[in-house]
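The structure appears right after this line, and notes come after that.
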Amino acid sequence: MNSKKDIQTANVSSSATTAASTTAISPSRQENYPEWYQEVIKAADLAEQSPARGCMVIKPWGYGIWENIQHVLNQRFKETGHQNAYFPLFIPKSFLEKEAEHVEGFAKECAVVTHHRLEKGEDGGLVPAGPLSEPYIVRPTSETIIGAMFAKWVRSHRDLPLLINQWANVVRWEMRTRLFLRTTEFLWQEGHTAHASEAEAREETLKMLDVYTDFCEQYLAIPIVRGEKSEGERFPGAVNTYSLEPMMQDRKALQAGTSHFLGQNFARASDIKYLDQDGSEKFAWTTSWGVSTRLIGALIMTHADDNGMVVPPRVAPTHIVIMPMTHKPGTEAKVMEYCHSLQKDLQACKYNIEGQTQAQSQLQVHLDTRDLRGGEKMWSWIKKGVPICIEIGPRDVDAGAVYFYRRDQQPGKKTSMPRMEFINNASAILEEMQHNFFENARKFLCANTHTFTNKDEFYTFFTPKNASQTEIHGGFALAHFCGDPTVEEKLKQDLNVTVRCIPFNDARSPIADLMRNLRNVDSCLNNCLFTGKASKGIALFAKAY
RNA sequence: CGGGAUGUAGCGCAGCCUGGUUAGCGCGCUUCGUUCGGGACGAAGAGGUCGCUAGUUCGAAUCUAGUCAUCCCGACCA
Numbered sequence: 007m008n009s010k011k012d013i014q015t016a017n018v019s020s021s022a023t024t025a026a027s028t029t030a031i032s033p034s035r036q037e038n039y040p041e042w043y044q045e046v047i048k049a050a051d052l053a054e055q056s057p058a059r060g061c062m063v064i065k066p067w068g069y070g071i072w073e074n075i076q077h078v079l080n081q082r083f084k085e086t087g088h089q090n091a092y093f094p095l096f097i098p099k100s101f102l103e104k105e106a107e108h109v110e111g112f113a114k115e116c117a118v119v120t121h122h123r124l125e126k127g128e129d130g131g132l133v134p135a136g137p138l139s140e141p142y143i144v145r146p147t148s149e150t151i152i153g154a155m156f157a158k159w160v161r162s163h164r165d166l167p168l169l170i171n172q173w174a175n176v177v178r179w180e181m182r183t184r185l186f187l188r189t190t191e192f193l194w195q196e197g198h199t200a201h202a203s204e205a206e207a208r209e210e211t212l213k214m215l216d217v218y219t220d221f222c223e224q225y226l227a228i229p230i231v232r233g234e235k236s237e238g239e240r241f242p243g244a245v246n247t248y249s250l251e252p253m254m255q256d257r258k259a260l261q262a263g264t265s266h267f268l269g270q271n272f273a274r275a276s277d278i279k280y281l282d283q284d285g286s287e288k289f290a291w292t293t294s295w296g297v298s299t300r301l302i303g304a305l306i307m308t309h310a311d312d313n314g315m316v317v318p319p320r321v322a323p324t325h326i327v328i329m330p331m332t333h334k335p336g337t338e339a340k341v342m343e344y345c346h347s348l349q350k351d352l353q354a355c356k357y358n359i360e361g362q363t364q365a366q367s368q369l370q371v372h373l374d375t376r377d378l379r380g381g382e383k384m385w386s387w388i389k390k391g392v393p394i395c396i397e398i399g400p401r402d403v404d405a406g407a408v409y410f411y412r413r414d415q416q417p418g419k420k421t422s423m424p425r426m427e428f429i430n431n432a433s434a435i436l437e438e439m440q441h442n443f444f445e446n447a448r449k450f451l452c453a454n455t456h457t458f459t460n461k462d463e464f465y466t467f468f469t470p471k472n473a474s475q476t477e478i479h480g481g482f483a484l485a486h487f488c489g490d491p492t493v494e495e496k497l498k499q500d501l502n503v504t505v506r507c508i509p510f511n512d513a514r515s516p517i518a519d520l521m522r523n524l525r526n527v528d529s530c531l532n533n534c535l536f537t538g539k540a541s542k543g544i545a546l547f548a549k550a551y
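Set out below in structure tokens:
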């Protein structure tokens, strides 16, 4: 294992020599992936640990990305007929007890409010006083309290469907936390809907899974394998759970979003009933679906490299940074004037997103006038992952040119372009980058997804070559599976591998070809890889976060 | 909750084993100068009651006990 001392030495040498041969982030992904992840967050100034255990402070650059995620998803939710509302942070304990599986699933990770007052204690400190007759749970998710309100709002079939979303924070008291991936408190969106028919609720569940998939692929540039969760991995209380399972650069899966068909379980628990056209009283069918700030973790682990964060242009808080080079005496005024007018011209441009009929937004252009050396300033933006950095010095002013670097190319590579040409093409360059990021991630996912018809090969695939210092290994494995939970248990124990999902037979999936090939192998191999029993379908196996 | 480790300046660390006057180093920060289109260099500064509490001692960052916190590996999870 890499000692901290080694890493420090590496850092010192990289800053002492020219940076040409070294990278901004140490350790590299290859050397120590988990530590690289933490370093990227620090170097890009996305977030940091807070004094409250397991909770993070999301800093402006990270929060800017979240705001863009919110903005786009919010539009999609509204386009699909949903309305935003807000429900309380506190849930009466009895509410959580209403759905048996749900209680079991969340009981161990709830923060509980038991008092409503503080008093001065003997030692001068504050002591909780005023015990509550019924404790409140800080919401780990809002099915129960939203269900209670739905029960009041739904009377007739005419009240359905009820399509509600809320943007909120939730708290889950996990044992171990990691910035963005698993924090005690996190930000998310939770959609909750109630329907008159099972078919309609099922359609809603899959529709929202589509919304998430489209968003991840088109905006976050993260290729998605999606499918249904196995019984063991299902949301507590759900009938079916569907998830998005992108591959991170260490080839592990990250559950990036879920959509649940809740059947009538929660409607029964919360008494959501309506009078149907035939005059009979019926329970509604409900769904819930959510994505969280974990998406930013997915963004980091999909696109960031050994030089830091990489933000896909469509969700970047700033698209273009202009850095004036004003060190030559007597040139400052004309350089600054040129920079200001360039910024103005670029800000007047729309960022045209392919497939969107209307321009999505203005170009976000930042003029960085900080009193820093050029190289230092440049690297700070590389580490943040801004798509395009422009350097403007006297030479460019005289030539009427723009000298720029783009984050999808090597840091040394810079291009000079006539000013008007750049302004006219800025949006297209960003879109080209967006496309490149997605393609790179898609190729990586495909290159590290394999089909298996031999159990030993499966085990070899997931066994690190060096047990004491496990290297990045494995990936996604596709194999026929009988669905037996004891097999899942064994794989978890042997290899720490789980069934991520039963992937959809989905033409749009990045692994559609592999799925087809596996389906087409000799029928004698179409049995469960582990038991030889009849296959219930192809499952996606992987190590996961 | 089980196993392991660590708390010394904003960050990263040394010093502790073998107690001894103003506790060091690197980065960062401030000022000045020379620099500057790939992470500069020099000089001068600012910044710490060594996690907390008690004990041993003439004397504790250093020894002892307790306590709190954090991190890593498990189990649990979006």
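Quick note on our numbering: the first sequence kicks off at 7 and runs consecutively.
From the three backbone atoms N, C-alpha and C, an ideal C-beta is built for every residue, glycine too.
Can you list, in chain order, the residues of its chain whose CB lies under 8 Å from that of Lys383, leaving out five sequence neighbours each side? Taking the first sequence and counting its residues from 1, the one referred to as residue 383 is at position 377. Answer for Lys383: Met329, Asp374, Arg376, listed in chain order.
Is it buried or exposed for Asp462, if we count other Cβ within 10 angstroms and need 16 for buried? Numbered from its first residue, the first sequence carries residue 462 at position 456. Exposed, by the Cβ-count rule.
Give every residue of the same chain whose Cβ lies closer than 6 Å to the Cβ of Val371, excluding the five residues on either side of it in the sequence, and list them in chain order. Here residue 371 corresponds to residue number 365 of the first sequence, with the count starting at 1. Within the same chain, Val371 has close Cβ partners Ile326, Gln349, Leu352, Gln353.
Three-state secondary structure (DSSP) at Ile394? Looking up residue 394 in the first sequence gives position 388. Note: Ile394 maps to strand in three-state DSSP.
Are the Cβ atoms of Trp295 and Met426 separated by less than 8 Å? Residue numbering aside, residue 295 sits at position 289 when the first sequence is read from its first letter. Residue numbering aside, residue 426 sits at position 420 when the first sequence is read from its first letter. Contact: no.
Output the distance between the C-alpha atoms of Gly238 and Thr292, rounded to the nearest integer angstrom. Counting from 1 along the first sequence, the entry for residue 238 is found at position 232. Counting from 1 along the first sequence, the entry for residue 292 is found at position 286. Each residue's alpha carbon lies about 21 Å from the other.
On the DSSP bridge assignment, give the partners of Ala275 in chain order. Taking the first residue of the first sequence as 1, we reach residue 275 at position 269. Bridge partners of Ala275: none, in fact.
Touching by the beta-carbon criterion (3+ pairs, under 8 Å), the segment 194-209 and the segment 248-263: no
Three-state class that DSSP yields for Ala259 in the structure shown: Indexing the first sequence from 1 puts residue 259 at position 253. The answer is strand: DSSP assigns Ala259 an E or B state.
Close beta carbons around Glu437, own chain, < 8 Å, minus the five adjacent residues each side: Stepping through the first sequence from its first residue, residue 437 is reached at position 431. Correct list, in chain order: Pro319, Asn358, Ile359, Glu360.
Taking Ala207 as part of the beta strand (DSSP E), name the residues at either end of that continuous run. Here residue 207 is taken as the residue at index 201 of the first sequence, counted from 1. First-last for Ala207: 204-224, but that is the alpha helix (DSSP H), not the beta strand (DSSP E).
Just to confirm my understanding: we take Met307, look at its own chain, exclude 5 residues before and 5 after, and list those with CB closer than 8 Å. What are they? For the purposes of this step, residue 307 is identified with residue 301 of the first sequence, where counting begins at 1. The residues are Tyr43, Met254, Gln255, Asp256, Leu260.
Spatial distance of Asn446 from Ala275 (CA atoms): Here residue 446 refers to the residue found at position 440 of the first sequence. Here residue 275 refers to the residue found at position 269 of the first sequence. Cα to Cα, the separation comes out at about 46 Å.
Distance between Ile64 and Lys539 (C-alpha atoms, nearest Å): Against the first sequence, residue 539 aligns to sequence position 533. Against the first sequence, residue 64 aligns to sequence position 58. Straight-line Cα distance between these residues: approximately 49 Å.
What ranges does the alpha helix (DSSP H) occupy inside the segment 336-403, keeping only unbroken runs of at least 4 residues that lie completely in it? 338-353, 380-390
Who are the Cβ neighbours of Ser236 in its own chain at under 8 Å, not counting the five residues just before and after it? Along the first sequence, read from residue 1 onward, the residue named residue 236 stands at position 230. Counting only Cβ-Cβ distances below 8 Å, and skipping sequence neighbours, we find Gly489, Pro491, Glu494, Val505, Cys507, Ile508, Ala545.
What would DSSP say about Asp165, mapped onto helix, strand or coil? The residue given as residue 165 occupies position 159 in the first sequence. Helix at Asp165.
Kindly list the residues whose CB is nearer than 6 Å to the CB of Gly233, restricted to its own chain and excluding five residues on each side of it in sequence; keep chain order. Counting from one through the first sequence, the residue named residue 233 turns up at place 227. Cβ neighbours of Gly233 beyond the five flanking positions: Cys507, Ile508, Pro509, Phe510.
Which two residues bound the contiguous alpha helix (DSSP H) that contains Gln283? Position 277 of the first sequence, counting from 1, holds the residue named residue 283. Neither: Gln283 is in no alpha helix (DSSP H) and is coded neither H nor E.
For Gly391 and Ile228, what's the separation of their Cα atoms in angstroms? For the purposes of this step, residue 391 is taken as residue 385 along the first sequence, with counting starting at 1. For the purposes of this step, residue 228 is taken as residue 222 along the first sequence, with counting starting at 1. So the alpha carbons of these two residues sit roughly 16 Å apart.
According to the Cβ coordinates, are His163 and Asp282 closer than 8 Å? For the purposes of this step, residue 163 is taken as residue 157 along the first sequence, with counting starting at 1. For the purposes of this step, residue 282 is taken as residue 276 along the first sequence, with counting starting at 1. Yes, these two residues count as a Cβ contact at 8 Å.
Would the beta-carbon of Arg208 fall within 8 Å of that of Phe272? On the first sequence, residue 208 is found 202 positions in, with the first residue counted as 1. On the first sequence, residue 272 is found 266 positions in, with the first residue counted as 1. Result no, Cβ atoms of Arg208 and Phe272 do not sit closer than 8 Å.
Using the rule of at least 16 other Cβ atoms within 10 Å of the residue's Cβ for burial, across every protein chain shown, is Met62 buried or exposed? Translated into the one-based positions of the first sequence, residue 62 becomes position 56. Flag for Met62 reads buried.
Within 10 angstroms of the Cβ of Met315, are there 16 or more other Cβ atoms? Answer buried if so, exposed if not. Here residue 315 is taken as the residue at index 309 of the first sequence, counted from 1. Label assigned to Met315: buried.
Three-state secondary structure assigned by DSSP to Tyr69: Here the question's residue 69 lines up with position 63 in the first sequence. Residue state, collapsed to three classes: helix.
Contact belief for Arg413 with Ile388 at Cβ below 8 Å, rounded distance in angstroms: The sequence position of residue 413 within the first sequence is 407, counting from 1. The sequence position of residue 388 within the first sequence is 382, counting from 1. Contact holds; Cβ gap of about 7 Å.
By how many angstroms is the C-alpha of Glu287 removed from the C-alpha of Glu303? Taking the first residue of the first sequence as 1, we reach residue 303 at position 297. Taking the first residue of the first sequence as 1, we reach residue 287 at position 281. Glu is not the amino acid found at residue 303; the sequence shown has Gly there. Distance between the alpha carbons of Gly303 and Glu287: 45 Å.
Would you mind sorting Asn74 into buried or exposed? The rule is 16 or more other CB atoms within 10 Å of its CB. The count along the first sequence starts at 1 and reaches residue 74 at position 68. Asn74 comes out buried.
Status (buried if at least 16 other CB within 10 Å, exposed otherwise) for Lys114: Numbered from 1 along the first sequence, position 108 holds the residue referred to as residue 114. Classification for Lys114: exposed.
Given Asn454, which residues of its chain have a CB within under 6 Å of its CB, disregarding the five upstream and five downstream residues? Taking the first sequence and counting its residues from 1, the one referred to as residue 454 is at position 448. Cβ neighbours of Asn454 beyond the five flanking positions: Arg257, Gly481.
My output table needs one value for Leu268: the three-state DSSP class, helix, strand or coil. Residue numbering aside, residue 268 sits at position 262 when the first sequence is read from its first letter. If DSSP states are grouped into helix, strand and coil, Leu268 belongs with coil.
Do Ala501 and Thr537 have their C-beta atoms within less than 8 Å of each other? In the first sequence, residue 501 corresponds to position 495, counting from 1. In the first sequence, residue 537 corresponds to position 531, counting from 1. Strictly speaking, residue 501 in this sequence is Leu, with Ala absent from that position. For Leu501 and Thr537, no; Cβs fall outside 8 Å.
Run the proximity test for Ser286: is its beta-carbon closer than 7 Å to any non-hydrogen atom belonging to the ligand NAD? Annotation note on the ligand NAD: not contained in the displayed structure, which lists no ligands.
Classify Leu305 as helix, strand or coil using the three-state DSSP reduction. Translated into the one-based positions of the first sequence, residue 305 becomes position 299. Correct three-state label for Leu305: helix.
Does the separation of the CB atoms of Val553 and Ile71 fall below 8 Å? In the structure displayed, the chain extends from 7 to 551; residue 553 sits before or after that span and is not available.
Reduced DSSP secondary structure (H/G/I, E/B, other) of Gly543: Sequence index remark: in the first sequence, residue 543 carries index 537 (1-based). Residue state, collapsed to three classes: strand.
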